[in-house]
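Data block below; observations after.
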Amino acid sequence: MFKKVMNDIVMPQLAESLVSATVGKWLKKPGDPVEQYEPICEVITDKVNAEIPSTLDGIMGELLVQEGEEIAVGTIICRIETEQAVSASESEPLTVESAQATTAGVSVENGDLQRARYSPAVQTLAAEHGINLQAVPGTGLGGRVTRKDVLHYIENQGSANPATAAPAAVQSVPAAQPQTAPVQAVATPGIIPGTPASEPVRHSGLHLTETPRIPTIEVEGGRSEYLIDVTPIRNTIATRMRQSVSEIPHGWMMIEVDVTNLVQLRNKLKNEFKQKEGINLTYLAFVLKAVVGAIKDYPIMNSVWAVDKIIVKRDINLSLAVGTEDSVLTPVIKNADQKSIAGLAREIDELASKVRAGKLKLDDMQGGTFTVNNTGSFGSILTQPIINYPQAAILTFESIVKRPVVINDMIGVRSMANLCLSLDHRILDGVICGRFMQRVKDNIEGFTLDTQVY
Numbered sequence: 001m002f003k004k005v006m007n008d009i010v011m012p013q014l015a016e017s018l019v020s021a022t023v024g025k026w027l028k029k030p031g032d033p034v035e036q037y038e039p040i041c042e043v044i045t046d047k048v049n050a051e052i053p054s055t056l057d058g059i060m061g062e063l064l065v066q067e068g069e070e071i072a073v074g075t076i077i078c079r080i081e082t083e084q085a086v087s088a089s090e091s092e093p094l095t096v097e098s099a100q101a102t103t104a105g106v107s108v109e110n111g112d113l114q115r116a117r118y119s120p121a122v123q124t125l126a127a128e129h130g131i132n133l134q135a136v137p138g139t140g141l142g143g144r145v146t147r148k149d150v151l152h153y154i155e156n157q158g159s160a161n162p163a164t165a166a167p168a169a170v171q172s173v174p175a176a177q178p179q180t181a182p183v184q185a186v187a188t189p190g191i192i193p194g195t196p197a198s199e200p201v202r203h204s205g206l207h208l209t210e211t212p213r214i215p216t217i218e219v220e221g222g223r224s225e226y227l228i229d230v231t232p233i234r235n236t237i238a239t240r241m242r243q244s245v246s247e248i249p250h251g252w253m254m255i256e257v258d259v260t261n262l263v264q265l266r267n268k269l270k271n272e273f274k275q276k277e278g279i280n281l282t283y284l285a286f287v288l289k290a291v292v293g294a295i296k297d298y299p300i301m302n303s304v305w306a307v308d309k310i311i312v313k314r315d316i317n318l319s320l321a322v323g324t325e326d327s328v329l330t331p332v333i334k335n336a337d338q339k340s341i342a343g344l345a346r347e348i349d350e351l352a353s354k355v356r357a358g359k360l361k362l363d364d365m366q367g368g369t370f371t372v373n374n375t376g377s378f379g380s381i382l383t384q385p386i387i388n389y390p391q392a393a394i395l396t397f398e399s400i401v402k403r404p405v406v407i408n409d410m411i412g413v414r415s416m417a418n419l420c421l422s423l424d425h426r427i428l429d430g431v432i433c434g435r436f437m438q439r440v441k442d443n444i445e446g447f448t449l450d451t452q453v454y
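See the structure below:
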């Protein structure tokens, strides 16, 4: 004999330092068959999307976390129903009544749980309009009330037809009626049901959406203002940047570099490289090579602050800042010191392609020890970057511009670029950073037409 068993699925610790994650999108809905190792949802962690695979074969049960909701590692996110073999002597007299009672109780209870889980967007909207969410028919999973449901309720001035509610919610109402009626009677406009009356709802002006991937812009009637939904990744970037600025005392310096030889070298090689490798040979690959060489000479640049000690990383893993339309990600080129210029060019092309396609894995984002940002691709000539926490420094390569330069008391037209460095002043000072920047400059200016990229 077999009996059906509900198994809890928890948010796994995908990385050693991971303490929480945001559920971005559910890939399975209740009732869907699930195979072991099949992705069931996408989560956003540390600026990257990852897929959570199922650990069981079975049928998807409840989804206990809404899309856009941030949860701690170890939190139960859903339940999967499986069949478990039992002996014939087990549970025959017990299963009929107790199972029915248990099932009914669980379904009613779970229906209430689903409906009682309101997203911050729903709570904020309800508070703004003084709506009792218990009176709003929910059309989300398990009868949950979505932001669209609240907007629809507002448009109809509270006269939304209960018949439009999801079937699951309709079925749960009769059993839940004795419990929900007293709550409705004491609900107060402007106060979220289930929260103490003395605690006002926090109004931030920004909120998470039901579909957080693409920000939407709402135009308020009669006002020239816009409300842009904060996506989970935007929220993660904001948190990281605030942490970096508040915890790291930033210092900053800049140095200019004559890249005339580099321009000539790239012009000589780029067409042949494109035909041979199928990718572009960018200036950034040469800059990364120069930075790696300088870090080898000054390894303190490749370190992090650990309160009572400074940890100098042995591996040189370069984080590469890659911008998209609405965010910036920092995938990592691991063991960059072991790669040639051509190898670095391939890594840059591969990681940039993954970022644009949204196919970065968690492993692509971990282990960075020093960040390089190519702000010159935007036409920038001067940048004061924020350090990629908890690293010790970040370097930007600015635009290449032709300028008249005095050389041996003569004026010549040269291709020039600026290098900008933000440093953690707890670890680094001007002397060591000045020497590091000078070494990067020497390495870049040391490229000649004879430099090999392989």
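If you count the sequence shown from 1, position 51 lands on 51 in UniProt numbering, and the numbers rise without skipping.
Glycine residues also receive a C-beta, built at the ideal position from the N, C-alpha and C atoms.
| query | result |
| --- | --- |
| So what does L284 bridge to, in DSSP terms? | The partner list for L284 (beta bridge, DSSP) is empty, contrary to what the question assumes. |
| Can you tell which of I300, D326, V307, I237 has its C-alpha closest to the C-alpha of R314? | I300 |
| Among I444, L125, I255, D32, which one has its Cα closest to the Cα of L265? | I444 |
| Thinking just about the alpha-carbon of each residue, which of H250, R144, I255 is nearest to the one in N418? | I255 |
| In or out: T369 buried (at least 16 other Cβ within 10 Å) or exposed? | buried |
| With DSSP as the reference, label Y226 as helix, strand or coil. | strand |
| Among F397, G367, N388, which has the Cα closest to the Cα of F378? | F397 |
| Quick check on the DSSP output: the alpha helix (DSSP H) that includes H425 runs from which residue to which? | Segment: none, H425 is in no alpha helix (DSSP H) and carries neither H nor E. |
| Pick helix, strand or coil for G343, following the three-state DSSP scheme. | helix |
| Determine the burial state of G278: buried for a count of at least 16 other Cβ atoms within 10 Å of its Cβ, exposed for fewer. | exposed |
| With a Cβ-Cβ cutoff of 9 Å, do V304 and Q391 count as a contact? | yes |
| Locate the beta strand (DSSP E) running through V145, then write down its first and last residues. | Premise fails: V145 is in no beta strand (DSSP E) and is neither H nor E. |
| Provide the residue span of the beta strand (DSSP E) that contains Q84, from first to last. | 76-85 |
| Any idea if K441 is buried or exposed, counting beta-carbon neighbours within 10 angstroms, 16 or more meaning buried? | buried |
| Which whole-angstrom value is the C-beta distance of residue 531 and L318, which I expect to be below 8 Å? | Because residue 531 is not part of the residues shown, which for the chain are 1 to 454, the question remains open. |
| Cutting at 6 Å between CB atoms, please list the residues of its own chain near D57, excluding the five before and the five after it. | E35, Q36 |
| Does DSSP put Q452 in a helix, a strand or coil? | coil |
| According to DSSP, which residues form a beta bridge with R414? | R403 |
| Nearest CA to the CA of A290: which residue from Y298, R439, K268, V431? | R439 |
| Compute the Euclidean distance between the alpha carbons of I71 and V401, then round it to the nearest angstrom. | 48 Å |
| Rounding to the nearest angstrom, what Cα-Cα distance links M365 and A50 in this structure? | 11 Å |
| DSSP on L125, reduced to helix/strand/coil? | helix |
| Between the region 345-364 and the region 381-389, do three or more beta carbon pairs fall short of 8 Å? | no |
| Would a C-beta distance cut-off of 9 Å place L428 and G293 closer than the cut-off? | no |
| Which of the three DSSP states, helix, strand or coil, is assigned to V312? | strand |
| Helix or strand or just coil, what does DSSP make of V292? | helix |
| Could you tell me if E347 is buried or exposed, where buried requires 16 or more neighbouring beta carbons within 10 angstroms of its beta carbon? | buried |
| According to DSSP, T396 sits in a beta bridge with which residue or residues? | N373, C420 |
| Relative to the ligand GTP, is the shortest distance from any of its heavy atoms to the C-beta of E398 smaller than 8 Å? | In the structure shown, the ligand GTP is absent, as is every other ligand, since no ligand is present at all. |
| Within 10 angstroms of the Cβ of E325, are there 16 or more other Cβ atoms? Answer buried if so, exposed if not. | exposed |
| With a CB to CB cut of under 8 Å and the five nearest residues on each side skipped, what residues in its chain are close to F286? | L262, L265, R266, I341, I444, F447 |
| Tell me whether K29 is buried or exposed, calling it buried when 16 or more other Cβ atoms sit within 10 Å of its Cβ. | exposed |
| In angstroms with no decimal places, state the Cα-to-Cα distance between V122 and G143. | 14 Å |
| When burial is assigned at 16 or more other CB atoms within 10 Å of the CB, is A104 buried or exposed? | Note on A104: pLDDT 40, under 50, position unreliable in the model; the coordinate value appears next. Label assigned to A104: exposed. |
| Considering only residues of the same chain and omitting the five flanking positions on each side of K327, which have a CB-CB separation below 7 Å? | According to the sequence shown, residue 327 is Ser rather than Lys. Excluding sequence neighbours, S327 sits near I233, R234, I237. |
| Run through the DSSP bridge pairs and tell me what Q391 is partnered with. | V304 |
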